[in-house]
Amino acid sequence: MAEPQKQHLIDPEFCIRCYTCEETCPIEAITHNDDNVVVDASICNLCMDCISPCPTGSIDSWRVVAEPYSLEDQLGWMELPEQQQFADEDGGSDIGVEALDEDIAALLAQAHKGSGQVAAPSSASKPSINLRNLANPVEGKIQGNFRLTSPDADSDVRHIIINLGNTTFPVLEGQSVGIICPGTDENGKPHLPRLYSISSPRDGERPNVNNISLTIKREKLGVCSNYVCDLAKGDVVKLTGPFGASFLMPDDPQAKLLMICTGTGSAPFRAFTMRRQRVLPEQNGALKLFFGARTPDSLPYFGPLNKIPDDFLDTHFAFSRVEGQPKNYVQDELRLAAASIAEALKDPQTYIYICGMKAMEEGVDSALYDIAGKASLDWNTLKDEMRKSGRYHVETY
Amino acid sequence: MTQSMAVDYDTIIPNNVGLSGDRRVLKALERWHPGYIKWWGNMGPVGFQESSVYLRTAISVDPKGWAKFDYVKMPEYRWGILLAPQVEGRTIPCGEHFGEPAWQEVPGEYRSLLRRLIVIQGDTEPASVEQQRFLGETAPSLYDMRNLFQVNVEEGRHLWAMVYLLQKYFGSDGREEANEMLRRQSGSEETPRMLGAFNEETPDWLSFFMFTYFTDRDGKMQLEALAQSGFDPLSRTCRFMLTEEAHHMFVGETGVARTIQRTCEAMNDAGVTDPYDIEKVRELGVIDLPTIQKKLNLHYTLSLDLFGSEVSTNAASAFNSGIKGRYQEVKIDDDHQLNNDTYSAAQFLNNKIETVDVPALTAINMRLRDDYSNDAAGGVKRWNLLIKKSNIEFELKLPHSGFHRKIGVFNNAPITPDGLVISKEQWEERKNDWLPSLADGDFIQSLMKPVWEAGKYANWIAPPRVGIDNKPGDFEYVQLHMA
Numbered sequence: 006m007a008e009p010q011k012q013h014l015i016d017p018e019f020c021i022r023c024y025t026c027e028e029t030c031p032i033e034a035i036t037h038n039d040d041n042v043v044v045d046a047s048i049c050n051l052c053m054d055c056i057s058p059c060p061t062g063s064i065d066s067w068r069v070v071a072e073p074y075s076l077e078d079q080l081g082w083m084e085l086p087e088q089q090q091f092a093d094e095d096g097g098s099d100i101g102v103e104a105l106d107e108d109i110a111a112l113l114a115q116a117h118k119g120s121g122q123v124a125a126p127s128s129a130s131k132p133s134i135n136l137r138n139l140a141n142p143v144e145g146k147i148q149g150n151f152r153l154t155s156p157d158a159d160s161d162v163r164h165i166i167i168n169l170g171n172t173t174f175p176v177l178e179g180q181s182v183g184i185i186c187p188g189t190d191e192n193g194k195p196h197l198p199r200l201y202s203i204s205s206p207r208d209g210e211r212p213n214v215n216n217i218s219l220t221i222k223r224e225k226l227g228v229c230s231n232y233v234c235d236l237a238k239g240d241v242v243k244l245t246g247p248f249g250a251s252f253l254m255p256d257d258p259q260a261k262l263l264m265i266c267t268g269t270g271s272a273p274f275r276a277f278t279m280r281r282q283r284v285l286p287e288q289n290g291a292l293k294l295f296f297g298a299r300t301p302d303s304l305p306y307f308g309p310l311n312k313i314p315d316d317f318l319d320t321h322f323a324f325s326r327v328e329g330q331p332k333n334y335v336q337d338e339l340r341l342a343a344a345s346i347a348e349a350l351k352d353p354q355t356y357i358y359i360c361g362m363k364a365m366e367e368g369v370d371s372a373l374y375d376i377a378g379k380a381s382l383d384w385n386t387l388k389d390e391m392r393k394s395g396r397y398h399v400e401t402y
Numbered sequence: 051m052t053q054s055m056a057v058d059y060d061t062i063i064p065n066n067v068g069l070s071g072d073r074r075v076l077k078a079l080e081r082w083h084p085g086y087i088k089w090w091g092n093m094g095p096v097g098f099q100e101s102s103v104y105l106r107t108a109i110s111v112d113p114k115g116w117a118k119f120d121y122v123k124m125p126e127y128r129w130g131i132l133l134a135p136q137v138e139g140r141t142i143p144c145g146e147h148f149g150e151p152a153w154q155e156v157p158g159e160y161r162s163l164l165r166r167l168i169v170i171q172g173d174t175e176p177a178s179v180e181q182q183r184f185l186g187e188t189a190p191s192l193y194d195m196r197n198l199f200q201v202n203v204e205e206g207r208h209l210w211a212m213v214y215l216l217q218k219y220f221g222s223d224g225r226e227e228a229n230e231m232l233r234r235q236s237g238s239e240e241t242p243r244m245l246g247a248f249n250e251e252t253p254d255w256l257s258f259f260m261f262t263y264f265t266d267r268d269g270k271m272q273l274e275a276l277a278q279s280g281f282d283p284l285s286r287t288c289r290f291m292l293t294e295e296a297h298h299m300f301v302g303e304t305g306v307a308r309t310i311q312r313t314c315e316a317m318n319d320a321g322v323t324d325p326y327d328i329e330k331v332r333e334l335g336v337i338d339l340p341t342i343q344k345k346l347n348l349h350y351t352l353s354l355d356l357f358g359s360e361v362s363t364n365a366a367s368a369f370n371s372g373i374k375g376r377y378q379e380v381k382i383d384d385d386h387q388l389n390n391d392t393y394s395a396a397q398f399l400n401n402k403i404e405t406v407d408v409p410a411l412t413a414i415n416m417r418l419r420d421d422y423s424n425d426a427a428g429g430v431k432r433w434n435l436l437i438k439k440s441n442i443e444f445e446l447k448l449p450h451s452g453f454h455r456k457i458g459v460f461n462n463a464p465i466t467p468d469g470l471v472i473s474k475e476q477w478e479e480r481k482n483d484w485l486p487s488l489a490d491g492d493f494i495q496s497l498m499k500p501v502w503e504a505g506k507y508a509n510w511i512a513p514p515r516v517g518i519d520n521k522p523g524d525f526e527y528v529q530l531h532m533a
């Protein structure tokens, strides 16, 4: 069977046949008969030019297919066909939810193990997934590469800004991209993409600039992390994705976010926070961040974070290796803030996100268990409820 | 982003036509601006000028930038002048100048013809805002209220688009015409709007949906024809307006669809199977399908009148001079001059409906109207699918083009919606079977109770399937400001 691929379709049930998309398409991939407006899969290059001019949203329809639907198929439709099921190796759940590439899907499933399969918040914007794959990656240009940790800190964490030029590559906060390291591995095979969380909001580092940023730690023997951390301004890098359809932020002004992270796990939370600063700059008291690192100078974004008023982002740092001070982890900070955490747990508008080292999961979970217990809540029941309503998300490595 | 696509927000009037380098026109527009704002305040939506509305604004005219969504108070909406990018080497697509380079300036010999077309188009834009000004008060949801206001601000922008052309290309005449646009008022005795359909009040939301479906679709066809103009600035203006017009079509088509959907649901829930049992259906607090058919008959026929006479020498000269083309002119496979072609046009002679072949050049209006009818039939087909899916036996139909007409060969002809010629007396006797009666209007009016809680909808209309800008169901599309 051919590799599953993503096909761009138009929902005939609520398309109004205004043909705006057809007029807009720069490569004439869209056509129509008396009944339907349809996209030719053999021409469409997913440039997305047609998406925003569509008045109905019917243009934003996608199916994962083994064989693309032909024009004849589409011209005869009264409604979109159901998504075909693709069984994964275990014969169980669908693939194509978070990513179409099996390797990436497996990586994400592993990262989300702490929460299990969780739905995205119901108000989250609809993510675009897998627009680009190994065969058809996006080429971005490095716009900046800044060291976030101090020069003498033991870890080298980088803020990498990638300009996407004129290519449409819609991302949401919490999604990841794949980076393809050039060259081959020890078996002479091309490297597989590595997955990195996007640390910029959907509309770019600055509003309406077509770029994304990543937060990447140089790993001693990491082929890809060294490749990316050494990239210089103007270098070209190949990206796949975007990936991830569950670890997304609610698009709801009432929502409150409790964000718990270590190290580069802060990437999605930088994106979340910036998004909120842009759309709800006056919404105080809705964001909490618990952030752990070894020392202040190895904590990414320590400076910028300190500049955000506490009213807007209630920030708690935990340092585990500061000389002359006891080891302090995020779970310890959570316990110190038990009263406000308990309050948050009771609030049905609270969304919990945990991101960073796998090792943090257990400590955080037991802290939340204790805090809940003292507030007469059963954490395991509550967690389950939150998972079901898309309010509990874990992404750890 | 190329220069012509980016929108300059530095002047009071956002634009992509380099206004800051064109002092004369900038000044003229700045002088017109306060009058416009005053008009919006007096004649625009009543009661919601202080509310924050989730609207889209164009930040550039390329596909990626023209739909940015944010909360805006309507009087602060950035109305601007936006033209689609110039197509290099564009030629005149029809008439005796076919194939010559498109005009960038007004050709002297066609000046008054052009001005008239622009004024007529421009006059409809503020007219519809005026017709709809009271609807916000009875909005069936915040979602619908937002869509109404989006339509309103964009009609306002379309006025700006036409006024720009007048001020830029028609000197003091143009300035005078621009001022007249703000002086005429929909329904006014002394200074009415130019076209009949734009002097009728839009009394309720079903009328609004029917109006946006049928009457705005006439606007769409006119814009399509003007987008084919050999006068390039007019073509570019209309091309960008068409992207916005698509949203108006959407509001109309889905508005009627949701009304039908809700009626069918309510009938099924209550076990009412006969769509003609009007009393029973109305007891459910929804609009019965026969009344929806009557509203359709009314709005469709009023809109047909907007196309003018079937055979028209004015239309012929507009085409022949390259000022106004046909729908999708460049995609039509003929000589684009129509010197020897014929077109079959309707006639009403001796109480008989006939078609005769007339010179195609004189039947330009008829052809555009036929294209319109085809386009309008598509949505009716989709509405019928909804009814069929609900297992209710009823079919909506576009009435015969001779029914209920005030302009052209069928003016006042006693023709039924099925196209039968009857006596004038019979027609008068039966007209309430085909067109909404006062009692029908009163019933619809009785359902028009505002629902302003986010995510809630009036009982007579179903919620939309997807939100605007992919927003969730309970999104607060309008943040009401109550004094």
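From first to last, the protein sequence lines stand for chains A and B.
The working numbering numbers the first residue of the first sequence as 6 and each following residue consecutively.
The working numbering numbers the first residue of the second sequence as 51 and each following residue consecutively.
Where is the CB? At the ideal position from N, CA and C, for every residue including glycine.
Mind checking whether V162(A) and P247(A) have CB atoms under 7 Å apart? no
Using a cut-off of 9 Å between C-beta atoms, extract the partners of E315(B) located in chain A. Chain A residues near E315(B): none, gap ~16 Å exceeds 9 Å.
Quick check on DSSP: helix, strand or coil for T300(A)? coil
Which same chain residues end up closer than 8 Å to L85(A) when comparing Cβ atoms and leaving out the 5 residues on each side of it in sequence? L14, D16, P17, E18, S66 and R68
For E390(A), which three-state DSSP category applies? helix
Distance, Cα to Cα, A323(A) vs I265(A)? 11 Å
Any chance you could list the beta strand (DSSP E) runs of at least 3 consecutive residues sitting entirely within the region 23-101 of chain A, in chain order? 35-37, 42-44 and 66-70
P309(A) burial status per 10 Å Cβ neighbour count (16 or more: buried): exposed
State buried or exposed for I168(B), treating a residue as buried only when at least 16 other CB atoms are found within 10 Å of its CB. buried
Whose C-beta lies closer than 8 Å to the C-beta of L382(A) among residues of the same chain, with five residues either side of it excluded? A347, L350 and K351
Considering only C-alpha positions, which residue in the set L387(A), E390(A) and C360(A) is nearest to V399(A)? C360(A)
If you drop the 5 nearest sequence neighbours on each side, which residues of the same chain put their C-beta closer than 8 Å to that of K402(B)? V471
Using DSSP's beta-bridge definition, name the partner residues of E400(A). C360(A)
Below 7 Å on C-beta distance, what does E303(B) contact in chain A? I21
Beta carbon proximity, D45(A) to chain B, threshold 7 Å: no
Strictly below 7 Å CB to CB, what residues from chain B border G62(A)? V516 and N520
Since L198(B) and Q311(B) are thought to touch, with beta carbons under 8 Å apart, how far apart are those beta carbons, to the nearest angstrom? With 8 Å as the limit, L198(B) and Q311(B) do not qualify as a contact, their Cβ atoms being about 19 Å apart.
Skipping 5 residues on each side, what residues in its chain have a beta carbon closer than 7 Å to that of T355(A)? K261, L263, A349 and R396
Name the one or two DSSP bridge partners that L219(A) has. I165(A) and I203(A)
Considering just the uninterrupted stretch of the beta strand (DSSP E) at V122(B), what are its terminal residues? K118 to K123
Is the CB-CB distance between V224(A) and N216(A) below 7 Å? Before going on, a small fix: residue 224(A) reads as Glu here, not Val. No, they are not a contact pair.
Could you please tell me which residues of the region 428-441 of chain B, in chain order, have their CB closer than 9 Å to any CB of chain A? G428, G429, K431, R432 and L435
Tell whether a beta-carbon distance below 7 Å holds between A152(B) and R140(B). yes
Could you compute how far the alpha carbon of A228(B) sits from the alpha carbon of P113(B)? 30 Å
Any beta carbon of chain B sitting closer than 7 Å to that of K5(A)? As shown, chain A starts at 6 and ends at 402. That puts residue 5(A) outside it, with no answer to give.
Is D407(B) helix, strand or coil by DSSP? strand
Is there a C-beta anywhere in chain B that falls below 7 Å from the one on G96(A)? Its pLDDT being 36, under 50, G96(A) is placed unreliably by the model, and nothing is read from it.
Where I134(A) and G130(B) are concerned, what is the direct C-alpha to C-alpha distance, given to the nearest angstrom? 35 Å
At a cut of 8 Å, does the region 209-218 of chain B reach the region 314-329 of chain B through at least three beta carbon pairs? no
From D78(A), T25(A) and S127(A), residue whose alpha carbon lies closest to that of P522(B): S127(A)
Using the rule of at least 16 other Cβ atoms within 10 Å of the residue's Cβ for burial, across every protein chain shown, is E205(B) buried or exposed? buried
Specify, as a first and last residue, the run of the alpha helix (DSSP H) that M264(A) falls within. No alpha helix (DSSP H) holds M264(A); the beta strand (DSSP E) holding it covers K261 to T267.
Beta strand (DSSP E) segment containing K11(A), residue limits: Q10 to L14
Which residues in chain B have a C-beta closer than 9 Å to the C-beta of C55(A)? List them in chain order. P113
Shortest alpha-carbon distance to M498(B) belongs to which of N389(B), R74(B) and D194(B)? D194(B)
Between which residues of its own chain and K474(B) is the CB-CB distance below 7 Å, once the five residues before and five after are set aside? P464
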